[in-house]
Each structure stands twice: as structure tokens, then as C-alpha cells.
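Chemist: Below is one structure. I have some questions about it.
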Amino acid sequence: GAVVSQHPSWVICKSGTSVKIECRSLDFQATTMFWYRQFPKQSLMLMATSNEGSKATYEQGVEKDKFLINHASLTLSTLTVTSAHPEDSSFYICSAAQVGNYYGYTFGSGTRLTVV
Amino acid sequence: LAKTTQPISMDSYEGQEVNITCSHNNIATNDYITWYQQFPSQGPRFIIQGYKTKVTNEVASLFIPADRKSSTLSLPRVSLSDTAVYYCLVGDLSGGGADGLTFGKGTHLIIQP
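Below you can see the structure in the form of C-alpha cells.
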């Protein structure tokens, strides 16, 4: 089945620094990937849609200059949290679907970001 | 995506069958119903998807009545490892995976010994 790998699984960074999270589709090509954020005891919230070779589309209220998304290849999307602050601490999850052979989205294992 | 309503939480015991119902009164003709499972600190995992009547796979069954305004996820003989949050999503799949998902609050299923 379709596999999405997300790295790192957890990261701790100092306030003001930037953190990059990678999302890879291992056995299929993904022209579109998605980034979600999940706060404790809450549901997933879609942050942005990552499109290969073009700019990402951000959901309302998500700062595009803070959450930089790059989708340079059909198997890799990255999310960079710039100038991270404690309120950015959250669980970040990526997902993708095998377009043309769609049968549900595959999610990465998530990245726990803690900003201290 | 059509709005969905699920119970916030449910409790059951090992070996029992668990049924989680999801209401989606404004489901559209092209909408499919999909269920995901999420364990703590993990990404959601696809469980099952259907359009009408009944769908069964190796882990669950999905029952959808004729009016499609609700659906029921059935987990046979649950175990402690089925303790998780279950999300019901309803949406048009014509985008073929090109659209992000809108998650509701989900149902926190707790299985006890």
C-alpha cells in the first residue's frame, strides 16, 4: 500500500529558531500533499496544500511566511516553521493520496514540535 | 465536505462488537463516506470507505442506509489496541486526492479489559 514517511518524529527547538519537517511518499508519486496541525486533545486542522512545482495554498488564518512549504519533487514536501515560538508547539502531520488510484489518504506518522 | 456528527466518546469491553454511528444529513450525491483511526501521537490511518449499503474489509464493516444520511462503523470483537479516536469524513472524491480533509471532533473509543 501507499506509504508516507515523515521526519523527524519529534523535535525540540529554541524559541526564534527554524525547524524543517520532511514528508516523503515512498512508493507513489504525489503531486499534492497536505499539512495538518493538531493541538492536544483536538482534531486535525488543515494548514496548507502543497503542490509540486508551484506555490502552496494556505488555509485561512495560517501565516504563509511563518510556515514555509516546498514541494520540489513528486515525492517530497517540506514544512519549515520559521522563527518558532512556544505557541507553535504542536503535532504536525502530512498526508498524500495516490492520485489516479485514489482509495483514501495516507498520513505520515507525525512530528511533535516543542519550542522552548 | 459535508458536516458530520459523531459521539464524542464511547466505552466498551474486549471481545465486544462496537458500532459507531455518524450523522451526515447534508451528504451530497457524489459524496463518499470514509473512516479513519488515530492513535495518540500518530497520524490517522484509513479504515474503510463506502458509498452505499455495506462494505466489509479485514478490520471493519461500514453500514450505510438507503438515504445515506448516516453511517455506522462496526468493529467486531474489539481488543485493547482498538482504543483510539475514530473520524468519520464525508466528501466528494472526484478530485482524486487533490483536496484536503476537514476533520470533525471524532469519537474517542475506550476499550476496557
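Protein sequences, first through last, are from chains P and X.
The opening position of the first sequence corresponds to residue 1 in this note's numbering, with each subsequent residue numbered one higher.
The opening position of the second sequence corresponds to residue 1001 in this note's numbering, with each subsequent residue numbered one higher.
Ideal placement from N, C-alpha and C gives every residue a C-beta, glycine not left out.
For a contact meaning CB atoms closer than 9 Å, what does Leu1062/X contact in chain P?
Modeler: Neighbours of Leu1062/X on chain P: none; closest Cβ ~12 Å, over 9 Å.
Chemist: Gln1049/X and Ala1084/X - do their beta-carbons sit closer together than 8 Å?
Modeler: Not closer than 8 Å, so no.
Chemist: Are Cys94/P and Phe34/P touching if we call contact CB-CB under 8 Å?
Modeler: Yes, Cβ-Cβ distance for Cys94/P and Phe34/P is below 8 Å.
Chemist: What's the call for Gly1106/X, buried or exposed, on a 16-neighbour Cβ count within 10 Å?
Modeler: buried
Chemist: Return the first residue and the last residue of the beta strand (DSSP E) that Ala56/P is part of.
Modeler: From DSSP, Ala56/P is part of no beta strand (DSSP E); its letter is neither H nor E.
Chemist: Here's a check: name, in chain order, each residue in its chain whose Cβ is nearer than 7 Å to the Cβ of His85/P, leaving out the five neighbours to either side.
Modeler: Ser15 and Val115
Chemist: Please list, in chain order, the chain X residues whose beta carbon lies closer than 8 Å to that of Ile69/P.
Modeler: Near Ile69/P there are no residues of chain X at all, since even the closest Cβ is about 13 Å away, more than 8 Å.
Chemist: Which value, in whole angstroms, describes the spacing of the CA atoms of Val1090/X and Lys1069/X?
Modeler: 10 Å
Chemist: State yes or no: is the C-beta of Val4/P within less than 8 Å of the C-beta of Ala96/P?
Modeler: yes
Chemist: Using a threshold of 8 Å, state whether the C-beta atoms of Cys1022/X and Thr1004/X are closer than that.
Modeler: yes
Chemist: Can you pull the DSSP bridge partners for Tyr92/P?
Modeler: Tyr92/P pairs with Arg37/P and Thr111/P.
Chemist: Using alpha carbons as the reference points, say which of Pro1044/X, Tyr1051/X, Leu1109/X and Leu1080/X lies closest to Ala1066/X.
Modeler: It is Tyr1051/X whose Cα lies nearest to the Cα of Ala1066/X.
Chemist: Count the C-beta pairs between the stretch 1014-1031 of chain X and the stretch 17-28 of chain P that are closer than 8 Å, then say yes if the count reaches three, no if not.
Modeler: no
Chemist: I need the straight-line Cα distance from Tyr58/P to Val1059/X, nearest angstrom please.
Modeler: 35 Å
Chemist: So, under 8 Å CB-CB, Ser188/P and Gly1104/X are touching, yes? Tell me the CB distance rounded to an integer number of Å.
Modeler: Examination of residue 188/P is not possible in this model, given that chain P is present from 1 through 116 alone.
Chemist: Can you tell me where the beta strand (DSSP E) with Ala72/P in it begins and where it stops?
Modeler: Phe67 to Ser73
Chemist: Counting contacts by CB-CB distance shorter than 8 Å, is Ile93/P in contact with chain X?
Modeler: Among the residues facing chain X, Ile93/P is included, as its CB has a counterpart in that chain under 8 Å away.
Chemist: Against Arg112/P, what residues of chain X qualify as contacts under a CB-to-CB distance less than 9 Å, listed in chain order?
Modeler: Taking a Cβ-Cβ threshold of 9 Å, the residues of chain X close to Arg112/P are Ser1041, in chain order.
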